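I have placed the structure first, in the form of structure tokens, so that the comments after it can refer back to it.
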Amino acid sequence: MLDPMGALFWPAAGILAVSDLHLEKGSSFAPKGMLLPPWDTQATLDRLTLLLRRWCPAIVIGLGDSFHDANGAARLPRSELARLTAMTEAHRFIWVQGNHDPAPPEGVGGEWQEHFCAGPILFRHQAGRPSAAAEIVGHHHPKALVPARGTSVSRPCFVADRQRIMMPAFGAYTGGLDVGDPAIRRLFPTGGRVFVLGKDRLFSFALGQNGR
579 MLDPMGALFW
589 PAAGILAVSD
599 LHLEKGSSFA
609 PKGMLLPPWD
619 TQATLDRLTL
629 LLRRWCPAIV
639 IGLGDSFHDA
649 NGAARLPRSE
659 LARLTAMTEA
669 HRFIWVQGNH
679 DPAPPEGVGG
689 EWQEHFCAGP
699 ILFRHQAGRP
709 SAAAEIVGHH
719 HPKALVPARG
729 TSVSRPCFVA
739 DRQRIMMPAF
749 GAYTGGLDVG
759 DPAIRRLFPT
769 GGRVFVLGKD
779 RLFSFALGQN
789 GR
């Protein structure tokens, strides 16, 4: 089940998956002289809290790049660390290794794994070579252009075919890569479907149908 907030829920397994939270991305720019509003972690965890209440999952999987860099966990405000700790105590949390956070964060609960298997489904950060297992992945932050009142709007989206589902980025400060980019299209060589996030629903079209 694809949630319009940008998450995936698997009822039979009690699994909720989100990807690319990039917690503390805003604070990572401060030493470089780029002062961004430091509320991205709060906004991201607010949305995650809503999802946990909605689906009551047994297992929560963060599909990599949950923290923006190796020191992201250390920069967590005390209040947000407490919230995250409460989440990891209430649910089994699986932090999948990403390219931004290749090592376990200190002081944060949960399990740190290179990838996570649940039955025939492989959860990992970056898409791999075709295999017998279907996979749920993140990393590329897919977005799609959709027509809106005489113009076009870029929105996060899922991309899916029979082999894999690519998740949108969940973090408040994450950018995106258009679904027409070769880095995404090569992972769906026989086509697929795009599911664009709306306010309360998803909007779907065939990959390439919007000219991308």
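Just so you know, we're using the working numbering here: the sequence shown kicks off at 579 and counts up by one.
Ideal Cβ placement from N, Cα and C applies to all residues, glycine included.
It should be emphasised that the depicted structure is a prediction, and the values quoted were computed from it without experimental measurement.
Practice task
Check whether the Cβ of residue 761 lies closer than 7 Å to any heavy atom of the ligand HEM, and answer yes or no.
Solution key: With respect to small molecules bound, the structure shown includes none, and the ligand HEM cannot be examined in it.
Problem - Given 8 Å, three or more beta-carbon pairs between the region 581 to 599 and the region 630 to 648 - result: yes
Exercise for the section: Please work out which residues of its chain come closer than 6 Å, Cβ to Cβ, to residue 650, disregarding the five sequence neighbours upstream and downstream, and give them in chain order. Expected result: In the sequence shown, residue 650 corresponds to position 72, counting from 1. Correct list, in chain order: 601 and 602.
Handout entry: the region 671 to 689 in contact with the region 719 to 739 per 3-pair CB rule at 8 Å
Key = no
Exercise for the section: Name, in chain order, the residues that DSSP records as bridge partners for residue 726. Expected result: Here residue 726 is taken as the residue at index 148 of the sequence shown, counted from 1. In DSSP, residue 726 forms a bridge with 729.
Practice task
Verify whether the separation of the beta carbon atoms of residue 712 and residue 698 is less than 8 Å.
Solution key: For the purposes of this step, residue 712 is taken as the residue at position 134 of the sequence shown. For the purposes of this step, residue 698 is taken as the residue at position 120 of the sequence shown. Yes, these two residues count as a Cβ contact at 8 Å.
Exercise for the section: Leaving aside the five residues before and after residue 780 along the sequence, list all residues of the same chain whose C-beta is less than 7 Å from its C-beta, in chain order. Expected result: If you number the sequence shown from 1, residue 780 lands on position 202. So the list reads 580, 582, 773 and 774, once near-sequence residues are dropped.
Problem - Where residue 738 falls, given that 16 or more other Cβ within 10 Å makes a residue buried - result: Along the sequence shown, read from residue 1 onward, the residue named residue 738 stands at position 160. Per the 10 Å Cβ criterion, buried.
Problem - Paired residues, beta bridge with residue 721 - DSSP - result: Counted from its first residue, the sequence shown places residue 721 at position 143. In the DSSP output, where bridge partners are listed per residue, residue 721 has 734 and 756.
Practice task
Pull up the distance between the alpha-carbon of residue 753 and that of residue 677, whole angstroms please.
Solution key: Here residue 753 corresponds to residue number 175 of the sequence shown, with the count starting at 1. Here residue 677 corresponds to residue number 99 of the sequence shown, with the count starting at 1. Residue 753 and residue 677: Cα-Cα distance of roughly 16 Å.
Practice task
Could you tell me if residue 656 is buried or exposed, where buried requires 16 or more neighbouring beta carbons within 10 angstroms of its beta carbon?
Solution key: As a working note, residue 656 is residue 78 in the sequence shown. Per the 10 Å Cβ criterion, exposed.
Handout entry: Residues near residue 689 in its chain [Cβ-Cβ closer than 8 Å; skip 5 each side]
Key = For this step, residue 689 is matched to residue 111 along the sequence shown. Same-chain partners within the cutoff: 670, 671, 672 and 673.
Handout entry: Proximal residues to residue 718 (C-beta, below 7 Å), its chain only, five neighbours per side dropped
Key = As a first step, residue 718 is located in the sequence shown; it is residue number 140 there, counting from the start. Answer for residue 718: 744, 755, 761 and 762, listed in chain order.
Exercise for the section: Excluding the 5 residues preceding and the 5 following residue 777 in the sequence, name in chain order all residues of the same chain whose CB lies nearer than 8 Å to its CB. Expected result: What you label residue 777 is simply residue 199 of the sequence shown in a count that begins at 1. Excluding positions up to five away in sequence, the list reads 582.
Exercise for the section: Give, in chain order, every unbroken run of the alpha helix (DSSP H) that is at least 4 residues long and sits entirely within the region 646 to 699. Expected result: Every alpha helix (DSSP H) stretch that sits fully inside the region 646 to 699 and reaches 4 residues is listed by chain position as 656 to 668.
Exercise for the section: Within the same chain, show all residues whose beta-carbon is closer than 6 Å to that of residue 621, passing over the 5 residues directly before and after it, in chain order. Expected result: Position 43 of the sequence shown, counted from the first residue, corresponds to residue 621. Excluding sequence neighbours, residue 621 sits near 750.
Exercise for the section: Compare the beta carbon distance of residue 705 and residue 623 with 8 Å and say whether it is the shorter of the two. Expected result: In the sequence shown, the residue the question calls residue 705 occupies position 127. In the sequence shown, the residue the question calls residue 623 occupies position 45. Cβ atoms of residue 705 and residue 623: not closer than 8 Å.
Practice task
Could you tell me the distance, in whole angstroms, from the CA atom of residue 770 to the CA atom of residue 632?
Solution key: Taking the first residue of the sequence shown as 1, we reach residue 770 at position 192. Taking the first residue of the sequence shown as 1, we reach residue 632 at position 54. Their backbone Cα atoms lie some 28 Å apart in a straight line.
Handout entry: Euclidean distance between Cα positions of residue 691 and residue 721
Key = Here residue 691 corresponds to residue number 113 of the sequence shown, with the count starting at 1. Here residue 721 corresponds to residue number 143 of the sequence shown, with the count starting at 1. One C-alpha to the other measures close to 27 Å.
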